[in-house]
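Okay, structure first, notes after.
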């Protein structure tokens, strides 16, 4: 297989797009493609201040790298969840630090959950028996990202979600026909109330394989380990099923997700569910919440 | 595992329902359950004349058996497609004949596609290169069922589709977000114009495993061979994926299909697609068609 641009041996074969590229042209294409997506979906503008959530993994470090290369005003945010310290969270943080240093001291901030709120995510999970670690972790991360975006007056929070991530969530929501979730899953989540951060996913059209290829070809030293709590996670199982589909019919993952977006937009699908949720301000932190009184995050720390 | 009714060793364990039954009580339950579905979905009434499409396989013979036992006015219809004669179509027909004889000469009719229209389905496919056998076969069967239902003044055509069949089709339509198909897939397809037969699927809530158990426990001698053209079919692949889901999470297949029906009914999902298709009469056979002039079936035989 040869590079479509220069005819040299290809490094990355993107069957879903029916073309292959050499390393150099792939890196070029990947960056241009990200910029096109940012513009097409009006994610943010050149002068907007952005926060990019970085975990130390391939997707988020690749996204940070691309945004820096495109010259956006971007700052990293590493949330230290306190998971399996030496083996996972501290390791992840090192990868973030190394990346920032290698990128010429790219600015970033760290929020340590335990230092800030008193307990790490696993400690919190231990206390809240019956609640799943991954669900607590998601709640904590959403709160932190939203708070820092508001306090720091960032225009948007960018995350490294790729097409496999989005397709797996879509799959999950579809298997249960959760129409409320289906109405709201999107590459751009607008800020509908003042303290709700805009969220954007500039990589949502890339296959996971291709974000990994970008990180590898760019020489980004990311953490290979998955979060120890993700073992046996349903979304990983769904990703495997979707990969079986992809193997049988190339482009299937992409078609599943993009035809969903298209049907929803063109045919008003799930339109009956899209009226804005009623949000009020949390009495403790002031963040928007569907609850009355305290938001789900503040309730975590209150009822001890 | 013991029978929920009598405590004897169970013959069929229905994990999706979280109970098991011995052979005798399973047969009883299966029949009662079918009757409940027929009534709940208002499929047809006791005095209605029905045509049941029988292929010689487990689902359709089981359905015929149950409808006879429930005392419905039902006649079988075997469509001889002329597939791999001795090995498949003639064999299937023998199973239908044997069943009818064993059921005390239950009435049925046979339509031989080649004798009636001049070519078997595989011969037709050979002529129409580029068109898939399964798609042609579906077209022929729909036409024949509809014509005979109309000519014989039957109130409805019943088919043996089970939950696995329906979930696989739903899966296919969802993967491509084919909203028109999603709007119309249902256990009851009403007769919206005079020459369009009402179609009903009384087994749509049974897992394939359970219709097979019914046929085996009842001693119905059905054809084990699958249609030779079904090898590698996409729907079989989808069924396998759904079975992986089911293995991981019991009841997943059922939930996928039933939550779809529920979301569509309660939330008007795909409602924007449900306006009736404009149907006109085929200029040759008079059957309803979305085409102007000849219907897709008549076009098959015209342009030779």
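Protein chains in written order, with the working numbering: chain S, 161 to 464; chain D, 161 to 464.
Glycine is no exception: its CB is placed at the ideal position from the N, C-alpha and C atoms.
Please read these numbers as outputs of a predicted model, since none were measured by experiment.
(message) In this structure, how does DSSP classify residue 305 of chain S when only helix, strand and coil are distinguished?
(response) Residue mapping note: residue 305 of chain S aligns to position 145 of the first chain, counting from 1. Helix at residue 305 of chain S.
(message) Check this for me: beta carbons of residue 154 of chain S and residue 292 of chain S, under 8 Å apart or not?
(response) Residue numbering for chain S in the displayed model covers 161 to 464; residue 154 of chain S lies beyond these limits and cannot be assessed.
(request) Just confirm the distance between the C-beta atoms of residue 234 of chain D and residue 212 of chain D, as a whole number of angstroms; I'd bet it's less than 8 Å. (result) As a working note, residue 234 of chain D is residue 74 in the second chain. As a working note, residue 212 of chain D is residue 52 in the second chain. Yes, residue 234 of chain D and residue 212 of chain D are in contact; Cβ-Cβ is about 5 Å, under 8 Å.
(message) Would you say residue 339 of chain D lies against chain S (beta-carbon separation less than 8 Å)?
(response) On the second chain, residue 339 of chain D is found 179 positions in, with the first residue counted as 1. So yes, residue 339 of chain D belongs to the interface.
(request) Put residue 381 of chain S into one of helix, strand or coil per three-state DSSP. (result) Here residue 381 of chain S is taken as the residue at index 221 of the first chain, counted from 1. Note: residue 381 of chain S maps to coil in three-state DSSP.
(request) Counting only the same chain and skipping the five closest in sequence on each side, list residues whose C-beta sits under 7 Å from that of residue 399 of chain D. (result) By 1-based counting over the second chain, the position of residue 399 of chain D is 239. Hits under 7 Å: 324, 328.
(request) Please report how far the alpha carbon of residue 407 of chain S lies from the alpha carbon of residue 318 of chain D, in whole angstroms. (result) Stepping through the first chain from its first residue, residue 407 of chain S is reached at position 247. Stepping through the second chain from its first residue, residue 318 of chain D is reached at position 158. Across the structure, residue 407 of chain S and residue 318 of chain D are spaced so that their CA atoms are roughly 36 Å apart.
(request) Would you mind telling me which residues of chain S sit closer than 7 Å to residue 429 of chain D, beta carbon to beta carbon, in chain order? (result) Indexing the second chain from 1 puts residue 429 of chain D at position 269. Within chain S, the residues near residue 429 of chain D are 339.
(message) Using 8 Å as the threshold, is the C-beta distance between residue 271 of chain D and residue 240 of chain D below it?
(response) By one-based count along the second chain, residue 271 of chain D stands at place 111. By one-based count along the second chain, residue 240 of chain D stands at place 80. Cβ atoms of residue 271 of chain D and residue 240 of chain D: closer than 8 Å.
(message) Rounded to the nearest angstrom, what separates residue 451 of chain S and residue 232 of chain D at their Cα positions?
(response) The residue labelled residue 451 of chain S in the question sits at position 291 within the first chain. The residue labelled residue 232 of chain D in the question sits at position 72 within the second chain. Rounded to the nearest angstrom, the two C-alpha atoms are 54 Å apart.
(request) Rounded to whole angstroms, what's the CA-CA distance from residue 302 of chain D to residue 424 of chain S? Just pull it up for me. (result) Working through the second chain from its first residue, we reach residue 302 of chain D at position 142. Working through the first chain from its first residue, we reach residue 424 of chain S at position 264. The straight-line gap from Cα to Cα measures roughly 31 Å.
(request) Can you pull the chain S residues whose beta carbon is under 7 Å from the beta carbon of residue 334 of chain D, in chain order? (result) Here residue 334 of chain D corresponds to residue number 174 of the second chain, with the count starting at 1. Correct list: 334.
(request) Hey, could you find the ends of the alpha helix (DSSP H) residue 199 of chain S is sitting in? (result) For the purposes of this step, residue 199 of chain S is taken as residue 39 along the first chain, with counting starting at 1. Start and end: 183–200.
(request) Report buried or exposed for residue 279 of chain D, applying the criterion of at least 16 other Cβ atoms within 10 angstroms of its Cβ. (result) Numbered from its first residue, the second chain carries residue 279 of chain D at position 119. By the 10 Å Cβ count, residue 279 of chain D comes out buried.
(request) Using a threshold of 8 Å, state whether the C-beta atoms of residue 197 of chain S and residue 365 of chain S are closer than that. (result) Taking the first chain and counting its residues from 1, the one referred to as residue 197 of chain S is at position 37. Taking the first chain and counting its residues from 1, the one referred to as residue 365 of chain S is at position 205. Contact flag set, yes.
(request) Tell me residue 238 of chain D's beta-bridge partners as DSSP assigns them. (result) As a first step, residue 238 of chain D is located in the second chain; it is residue number 78 there, counting from the start. Residue 238 of chain D pairs with D/270.
(request) Taking residue 358 of chain D as part of the beta strand (DSSP E), name the residues at either end of that continuous run. (result) Position 198 of the second chain, counted from the first residue, corresponds to residue 358 of chain D. Secondary structure note for residue 358 of chain D: its beta strand (DSSP E) is the uninterrupted segment 358–360.
(message) Beta-carbon within less than 8 Å of residue 388 of chain S's beta-carbon, same chain only, minus the 5 sequence neighbours each way: which residues are those?
(response) Position 228 of the first chain, counted from the first residue, corresponds to residue 388 of chain S. Result list for residue 388 of chain S: 243, 244, 247, 248, in chain order.
(request) Just mark residue 281 of chain D as buried or exposed, buried being the case when its beta carbon has 16 or more other beta carbons within 10 Å. (result) Numbered from its first residue, the second chain carries residue 281 of chain D at position 121. Looking at its Cβ environment, which holds 16 or more other Cβ atoms inside 10 Å, residue 281 of chain D is buried.
(message) Please confirm whether residue 419 of chain S has its beta-carbon closer than 8 Å to some beta-carbon of chain D.
(response) The residue labelled residue 419 of chain S in the question sits at position 259 within the first chain. Yes, residue 419 of chain S counts as interfacial toward chain D.
(message) Taking the alpha carbon of residue 200 of chain S as the reference point, which residue from S/183, S/347, S/333, S/264 has its own alpha carbon closest?
(response) In the first chain, residue 200 of chain S corresponds to position 40, counting from 1. Checking every option, the nearest Cα to that of residue 200 of chain S belongs to S/347.
(request) Using the Cα positions of residue 170 of chain S and residue 332 of chain S, report the straight-line distance between them to the nearest angstrom. (result) The count along the first chain starts at 1 and reaches residue 170 of chain S at position 10. The count along the first chain starts at 1 and reaches residue 332 of chain S at position 172. Taking the straight line joining both Cα atoms gives about 35 Å.
(message) For residue 304 of chain S and residue 456 of chain S, I'd like the C-alpha separation in whole angstroms.
(response) Here residue 304 of chain S refers to the residue found at position 144 of the first chain. Here residue 456 of chain S refers to the residue found at position 296 of the first chain. The straight-line gap from Cα to Cα measures roughly 13 Å.
(request) Determine the DSSP secondary structure at residue 459 of chain D, reduced to helix, strand or coil. (result) The residue you call residue 459 of chain D lines up with position 299 of the second chain. Here residue 459 of chain D sits in helix by DSSP.
(request) Kindly indicate the opening and closing residues of the alpha helix (DSSP H) around residue 444 of chain S. (result) Residue numbering aside, residue 444 of chain S sits at position 284 when the first chain is read from its first letter. Counting along the chain, residue 444 of chain S sits inside no alpha helix (DSSP H), nor does DSSP assign it H or E at all.
(request) Quick one: residues in its chain with C-beta nearer than 7 Å to the C-beta of residue 309 of chain D, no 5 flanking neighbours on either side, listed in chain order? (result) In the second chain, residue 309 of chain D corresponds to position 149, counting from 1. Correct list, in chain order: 211, 317, 357.
(request) Give a yes or no on whether 8 Å exceeds the smallest Cβ distance from residue 423 of chain S to chain D. (result) As a working note, residue 423 of chain S is residue 263 in the first chain. Answer yes: the Cβ-Cβ gap between residue 423 of chain S and chain D drops below 8 Å somewhere.
(message) Between the alpha carbons of residue 267 of chain S and residue 236 of chain S, how many angstroms are there, rounded?
(response) Along the first chain, one-based indexing puts residue 267 of chain S at 107. Along the first chain, one-based indexing puts residue 236 of chain S at 76. Distance between the alpha carbons of residue 267 of chain S and residue 236 of chain S: 6 Å.
(request) Tell me, please, whether the region 374–391 of chain D touches the region 249–259 of chain D by the rule of three or more beta-carbon pairs shorter than 8 Å. (result) yes
(request) Throw me the rounded Cβ distance for the residue 363 of chain D and residue 371 of chain D pair, which I believe falls under 8 Å. (result) Here residue 363 of chain D refers to the residue found at position 203 of the second chain. Here residue 371 of chain D refers to the residue found at position 211 of the second chain. Contact flag correct, Cβ pair sits at about 6 Å.
(message) Under 8 Å, Cβ to Cβ, is there at least one residue of chain D near residue 408 of chain S?
(response) Residue 408 of chain S sits at position 248 when you count from the first residue of the first chain. Taking Cβ atoms only, chain D reaches closer than 8 Å to residue 408 of chain S, which makes this a yes.
(message) I'd like to know whether the C-beta atoms of residue 374 of chain S and residue 190 of chain S end up nearer to each other than 8 Å.
(response) For this step, residue 374 of chain S is matched to residue 214 along the first chain. For this step, residue 190 of chain S is matched to residue 30 along the first chain. Contact flag set, yes.
(request) Tell me, please, whether the CB atom of residue 346 of chain S is closer than 8 Å to any CB atom in chain D? (result) Looking up residue 346 of chain S in the first chain gives position 186. Not one chain D Cβ lies under 8 Å of residue 346 of chain S.
(request) Note down, in chain order, every chain S residue with its Cβ under 8 Å from the Cβ of residue 397 of chain D. (result) Within the second chain, the letter at position 237 stands for residue 397 of chain D. Those are 408, listed as they occur along chain S.
(request) Tell me whether residue 347 of chain S sits in a helix, a strand or coil according to DSSP, three-state version. (result) Here residue 347 of chain S refers to the residue found at position 187 of the first chain. In the displayed model, residue 347 of chain S falls within coil according to three-state DSSP, outside both helix and strand.
(request) List the endpoints of the continuous beta strand (DSSP E) containing residue 429 of chain D. (result) Residue numbering aside, residue 429 of chain D sits at position 269 when the second chain is read from its first letter. Here residue 429 of chain D belongs to no beta strand (DSSP E), and DSSP marks it neither H nor E.
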